[in-house]
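Numbering (the working numbering), first residue to last: 14 to 82.
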């Protein structure tokens with residue numbers, strides 16, 4: 014008999030991305046989702062630290078939404 018204690022704490026996002034020089038939300042979206050237009054998905058899950066989707070800073074740690082979502 015196999016027993017497992019599995020806990021999913023947050024399914025809204027699958028990881029983090031640290032902003033590098035030259036990054037934009039569109040570039041990050043293109044890299045992770047294959048579609049630059051998904052930049053608002055990244056913005057929307059990070060409104061606690063981002064006030065404007067056009068203003069991101071090097072070193073910011075952004076949550077990345079699930080690709081399925």
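The C-beta atom is built at its ideal place from N, Cα and C for all residues, glycine as well.
### Message
Helix, strand or coil for residue 68? Go by DSSP, reduced to three states.
### Response
Coil, per DSSP.
### Task
Pull up the distance between the alpha-carbon of residue 49 and that of residue 55, whole angstroms please.
11 Å
### Query
When the distance is taken between beta carbons, is residue 68 closer than 7 Å to residue 28?
no
### Message
With DSSP as the reference, identify every bridge partner of residue 28, one or two as the case may be.
### Response
When beta bridges are read from the DSSP output, residue 28 appears opposite 77.
### Query
What is the residue span of the alpha helix (DSSP H) that residue 62 lies within?
Neither: residue 62 is in no alpha helix (DSSP H) and is coded neither H nor E.
### residue 34 beta carbon less than 7 Å from that of residue 52
no
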